[in-house]
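Quick note on the working numbering: the sequence shown kicks off at 38 and runs consecutively. Cβ coordinates follow ideal geometry from the N, Cα and C atoms, glycine included. Since the model is a prediction, treat every value here as computed from it, not as a measurement. Shown next, in structure tokens, is the structure this report addresses.
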Amino acid sequence: MKAKLFDAMKRSARLAFVALVGLTLASLLAFLTLPASAQAAPAAGGQCARGDVQCVINIGNQLINARLNALNTLSSRVTQQQQAGHITADAASALQADIATNQNGLRSLQSKLDAETSAQAARQDVKNIFWQFRIYAVVLPRDYQQLHFAIEQKLASRMEAAKASIEKAIAAAPSSKQAQLQSLYNDFKAQLATAEAQFDTVQSTLPTLTPENYNQDHATYASNLAKVRAAEKTAHAALHRAASDLHQIAQLLKN
């Protein structure tokens, strides 16, 4: 009876680990398929003759539409990651809200631009596409970083929640495997701790990445962006290693 119970426990542990490893690899794959940075801004087009209002308006509309399309692409990626279970609903809502704010702002500026009657006013509106919004320089890189971060957080949360199951499975494993399993588990915990330590840096620094800060103090902005990227790179590497530990634990328990 005890042998049958032990076998059932082992089978249950194996199934749980297979499912968790599958979710882990899916989340990592989702992370890797996201763009590392925003696409480059398209060229503004040809020069307009002095006083040619419609020419300036047309160029401005091209610039705005390109940015709206890029934001739509980001919005679709956020939706995809939420539907796949790789980010939480709260993380998706925050990203979609920022996307909508920028889209609405651009559309409002576009309406103003289309109504201009002087080339000087139209040129100022075109300048504001860059100065006020910084879609390619700030918004897209920041929001893609936020999306990466959300995937990392969800993945770390899944791994953290698995600790009790891992400990139970290791305790039920044959004594000949205990030392190797425990070593992998200790590294798993250490890698999670490393990743989670980086999350604080990302979470506190991302809000400083704004168009205003980009315009007013670019050196500090660049330093903060580098800090976020370095922290996420460290967290990403740690989660990869934790996933490898988890995979090896699952394999040992399976055999």
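Helix, strand or coil at residue i according to DSSP, with G and I counted as helix
| i | result |
| --- | --- |
| Cys85 | coil |
| His123 | coil |
| Glu153 | coil |
| Asn106 | helix |
| Ala299 | Residue 299 cannot be examined here, being either before or after the span of the chain that is shown, 38 to 292. |
| Ala77 | Caution applies to Ala77, whose pLDDT of 48 falls short of 50 and renders its modelled position unreliable; the value that the coordinates give is listed next. Ala77: coil per DSSP, three-state reduction. |
| Asp135 | helix |
| Ala210 | coil |
| Arg179 | helix |
| Asn292 | coil |
| Thr231 | helix |
| Ala158 | helix |
| Arg171 | coil |
| Thr247 | coil |
| Ala198 | helix |
| Asp237 | helix |
| Asp224 | helix |
| Asp254 | coil |
Buried versus exposed, by CB contacts within 10 Å (16 or more), residue i
| i | result |
| --- | --- |
| Ala280 | buried |
| Ala152 | exposed |
| Gly122 | exposed |
| Asn139 | buried |
| Ala107 | buried |
| Leu42 | Residue placement at Leu42 is flagged as unreliable, the pLDDT there being 38, under the threshold of 50; the coordinate-derived value follows with that caveat. Counting Cβ neighbours within 10 Å, Leu42 comes out exposed, since fewer than 16 surround it. |
| Gln147 | buried |
| Gln84 | exposed |
| Ala256 | exposed |
| Gln120 | exposed |
| Ala201 | exposed |
Supposed close pair residue i, residue j - CB separation, criterion 8 Å
| i | j | result |
| --- | --- | --- |
| Trp168 | Asn252 | 6 Å |
| Pro248 | Phe170 | 6 Å |
| Leu283 | Phe225 | 6 Å |
Proximity of residue i and residue j at Cβ, strictly below 9 Å
| i | j | result |
| --- | --- | --- |
| Leu184 | Gln118 | yes |
| Ile124 | Ala198 | no |
| Glu189 | Leu111 | no |
| Ile101 | Arg144 | yes |
Measuring CB atoms only, is the stretch 219–239 touching the stretch 269–278, in the sense that at least three cross pairs come out at less than 8 Å?
yes
Specify whether the stretch 84–91 and the stretch 148–164 touch according to this definition: at least 3 beta carbon pairs, one from each stretch, less than 8 Å apart.
yes
Is the stretch 282–291 touching the stretch 202–222, taking contact as three or more C-beta pairs under 8 Å?
yes
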